[in-house]
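Following: one structure in structure tokens, then a few remarks.
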Amino acid sequence: MTNSQYIQFALIACAFVLTIAVVSKLAPPAAADQVLTRDQLTVLTAQTSANDESLFIIDNISGKMVIYRPRVDRKKLEAVEGIEMRKLFGEGGSTRARQRRR
Numbered sequence: 081m082t083n084s085q086y087i088q089f090a091l092i093a094c095a096f097v098l099t100i101a102v103v104s105k106l107a108p109p110a111a112a113d114q115v116l117t118r119d120q121l122t123v124l125t126a127q128t129s130a131n132d133e134s135l136f137i138i139d140n141i142s143g144k145m146v147i148y149r150p151r152v153d154r155k156k157l158e159a160v161e162g163i164e165m166r167k168l169f170g171e172g173g174s175t176r177a178r179q180r181r182r
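Using the numbering used here, read the sequence shown as starting at 81 and increasing by one per residue.
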């Protein structure tokens with residue numbers, strides 16, 4: 081192998097390593113520090129489309145969640161949807177706890 085072939089091989093190897101590094105950073109997983117819980121409220125943000133994030137506010141006592149979308153052009157948050165968590169996930173709790181509620 082000549083010096084130029086070594087250099088070409090080294091450049092290809094570096095390009096491969098950099099490509100792997102960039103691809104692995106494209107979609108970082110959600111981290112627990114992106115969630116804030118204080119008293120009865122839990123607040124978090126999540127990506128809802130390719131170029132959009134939304135703010136989720138959950139009332140831990142009533143079990144209601146409201147989703148807000150930032151409207152940068154209007155400088156405000158727009159309520160998108162209000163949901164009762166039990167409708168999404170059912171009543172929750174164990175079978176025994178559900179039977180006692182009846």
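Built from N, CA and C at the ideal position, the CB exists for glycine as well. Note that this is a predicted model, so its numbers are computed, not measured.
Query, Result
"Euclidean distance between Cα positions of P150 and L121", "19 Å"
"Residues near I163 by beta carbon distance below 6 Å, same chain, minus five either side", "M145"
"With 16 other Cβ atoms within 10 Å as the buried cut-off, status of I100", "exposed"
"Euclidean distance between Cα positions of Y86 and F96", "15 Å"
"Nearest residue (CA-CA) to S142, options A90, L135 and M165", "M165"
"Best match in F169, Q114 and F89 for proximity to A126 [C-alpha to C-alpha]", "Q114"
"Assigned secondary structure, V152 (DSSP; H/G/I helix, E/B strand, else coil)", "coil"
"Outcome for I138 when other beta-carbon atoms lying within 10 angstroms are tallied against a minimum of 16", "buried"
"Beta-carbon spacing of L135, Y148 below 8 Å", "yes"
"Alpha-carbon to alpha-carbon, V123 and D153", "23 Å"
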